[in-house]
RNA sequence: GCCGCGUUGGUCAAGGGGUUAAGACGCCUCCCUUUCACGGAGGAAUCACGGGUUCGAAUCCCGUACGUGGUACCA
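In my numbering, the protein residues as written are 372 to 879.
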């Protein structure tokens, strides 16, 4: 058996949304599991929708997610070119071939004529009439026009398209890897355009021709393509033979809180829908990405993988390697899944805890620097990040959880301290500063011991004192253990913060 | 309208003729910690509906409802 070759075929029209990334992911996992090739081909046959920069954006997303293609416009490969716009010439001959064999025809109808047909045939029962077996003989095409007139029109370069001639009364069926047997009545499918007036193929022709030429063995795509699958099946039958057709897998859609997940949902409900930030060059509108929101690629991949698939065990956290090992297409769901941002955050939280800090330290550092905190000592910073990582779900949380290591508090949780503050406490902390100065090894244990001994000596409850110390050092009741905080900020800063706070509290 | 696909707690889901119908997120209670988390122990909450088939149906069949996709010279 020949090598497995799976392709992802995005059209460069904008950001890469969740459903898109999941499609790539399943493509990638399937290909890698079989030791096959992961091919990325760009479907840019519609110039009107082509958006500058979108192709680069797609590859940036793939890189961030850790899914490098084996063949692509960037890497090249044995079946180059990998952009359909650059393969334009090859499609026409297949269209001509179909016409010659009686499976397709030239259609000369103008957009106005099509519009008129749709209006004329429109009824309450049939709100959107198709160009199909019922109307094709009343239209302007090589089936209805005399042969010499067709020849003349072609010779004059009259604008025309090539349409597939859908047979009547046939059942077109194929086996989908996810849905099993799927069948359609050919009479109900319309005569899809194969070659557009500008000479570019439509997706229908291009996908079949390219999959054949690139020797694709498996094709994964969103379920929105299922309806046009009969066209592709027929094209395979007419052009190359059904035995060479790749195996199809139509993946369920990812849904938003209400209906199909859209870009708008992101803005509306406050979560990202794209892998990375995307700015539409035409409108300058920015759509937030998971990366910029503070997600780790490991978590992003993980949450997407299990949205519509699981391995049948209770495991939920998977690395890319584990996914490749455990992924199986027959465990992919048939039904669409609603995206839950709360659960998405949970995955990120898990990965922040799981991964070594060094993995995301640069990104956290960047967040601090953007907010004006200068990090001189990276090792020290790494220790701090390690200290607070289990209380962070998104990367920006690190700032809120750890700024106080770099900034002396300016405000205090007065409500907590006020009822506890008295002369005895004032006295205690003055004495504690002395104890601190006597500590030879400034570490958690010595600080804690000194603190507790002094408390016992002065006969004050340790708990209360600890709470006050925390507010002195942090400003509020949050963060890791007080003594580890003291150790981390150092002797001088600890004393400084106690003194400052004592003065503040003495005004109570 | 027509065609396709689907339907297990609020969400993600396991289970595919006999189960007390797993687990996770979220929510609630308690423990731990005189902080916030983490962690631990509990709790509330589900087989869309109606018919069959069967000793027995979440599971198989048929309808219905609902959801969703398509119905473009877009992918």
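A virtual CB, placed ideally from N, CA and C, is assigned to each residue, including glycine.
Under 8 Å Cβ to Cβ from residue 776, same chain only, skipping five residues before and after it: list those, please.
Stepping through the first chain from its first residue, residue 776 is reached at position 405. So the list reads 755, 856, 859, 860, once near-sequence residues are dropped.
Which same chain residues, not among the five before or five after residue 853, have their C-beta less than 6 Å away from its C-beta?
The sequence position of residue 853 within the first chain is 482, counting from 1. Taken in chain order, the residues that qualify are 837, 840, 841.
Does residue 449 pass the burial test, meaning 16 or more other C-beta atoms within 10 Å, or should it be called exposed?
Residue mapping note: residue 449 aligns to position 78 of the first chain, counting from 1. Exposed.
Exposure label - residue 879; buried when at least 16 CB within 10 Å
To locate residue 879, count along the first chain from 1; it is residue 508. Using a 10 angstroms sphere on the CB of residue 879, the tally of other CB atoms stays under 16, which defines it as exposed.
Ignoring anything shorter than 4 residues, give me the alpha helix (DSSP H) runs that lie fully in the segment 401-449, in order along the chain.
425-436
Return helix, strand or coil for residue 732, following the three-state DSSP convention.
On the first chain, residue 732 is found 361 positions in, with the first residue counted as 1. Per DSSP, reduced to three states, the secondary structure at residue 732 is helical.
Beta bridge counterpart(s) of residue 552 as assigned by DSSP:
Here residue 552 refers to the residue found at position 181 of the first chain. Residue 552 is bridged to 546.
Give me the Cα-Cα distance between residue 675 and residue 607, rounded to the nearest whole angstrom.
To locate residue 675, count along the first chain from 1; it is residue 304. To locate residue 607, count along the first chain from 1; it is residue 236. Taking the straight line from one Cα to the other gives about 32 Å.
Residue 485, enclosing alpha helix (DSSP H) - first and last residue
As a position in the first chain, residue 485 is number 114, starting the count at 1. 482-492 is the span of the alpha helix (DSSP H), which, as asked, contains residue 485.
By Cβ distance below 6 Å, which residues in the same chain neighbour residue 803 in space, the five residues on each side in sequence not counted?
Stepping through the first chain from its first residue, residue 803 is reached at position 432. Answer for residue 803: 825, listed in chain order.
Report buried or exposed for residue 874, applying the criterion of at least 16 other Cβ atoms within 10 angstroms of its Cβ.
Counted from its first residue, the first chain places residue 874 at position 503. When all chains shown are included, residue 874 counts as exposed.
So, is residue 612 buried or exposed, given that buried needs 16 or more other C-beta atoms within 10 angstroms?
The residue labelled residue 612 in the question sits at position 241 within the first chain. Residue 612 should be labelled exposed.
Assign residue 564 to one of three DSSP states: helix, strand, or coil.
Translated into the one-based positions of the first chain, residue 564 becomes position 193. Note: residue 564 maps to strand in three-state DSSP.
On the criterion of 16 or more Cβ atoms from any shown chain inside 10 Å, does residue 810 qualify as buried, or is it exposed?
The residue you call residue 810 lines up with position 439 of the first chain. Result: exposed.
DSSP has residue 619 in a bridge; who is on the other side?
Here residue 619 is taken as the residue at index 248 of the first chain, counted from 1. BP columns for residue 619 point to 547, 590.
Please determine, among 578, 544, 599, 588, the residue with the shortest C-alpha to C-alpha distance to residue 560.
Here residue 560 refers to the residue found at position 189 when the first chain is read from its first residue. Residue 560 has its Cα closest to that of 599, out of 578, 544, 599, 588.
Neighbourhood of residue 470 by C-beta, 8 Å cutoff - its chain only, sequence neighbours within 5 removed:
As a first step, residue 470 must be located in the first chain, where it is residue number 99. 476, 477, 513, 533, listed in sequence order.
Here's the rule: buried if 16 or more other CB atoms are within 10 angstroms of the residue's CB, otherwise exposed. What is residue 847?
Here residue 847 corresponds to residue number 476 of the first chain, with the count starting at 1. It counts as exposed.
Please give the ranges of any alpha helix (DSSP H) in the segment 455-536, keeping only runs that are unbroken, at least 4 residues long and fully inside the region.
459-471, 482-492, 518-526
Measure the beta-carbon distance from residue 646 to residue 432 and round it to whole angstroms, keeping in mind my assumption that it falls under 8 Å.
Along the first chain, one-based indexing puts residue 646 at 275. Along the first chain, one-based indexing puts residue 432 at 61. That belief holds up - the Cβ atoms of residue 646 and residue 432 are roughly 4 Å apart, short of 8 Å.
Where does residue 703 fall in DSSP's three states?
Position 332 of the first chain, counted from the first residue, corresponds to residue 703. DSSP places residue 703 in strand when its eight states are reduced to three.
Whole-number beta carbon distance between residue 715 and residue 679, since they are thought to touch under 8 Å
If you number the first chain from 1, residue 679 lands on position 308. If you number the first chain from 1, residue 715 lands on position 344. About 14 Å; that fails the 8 Å criterion.
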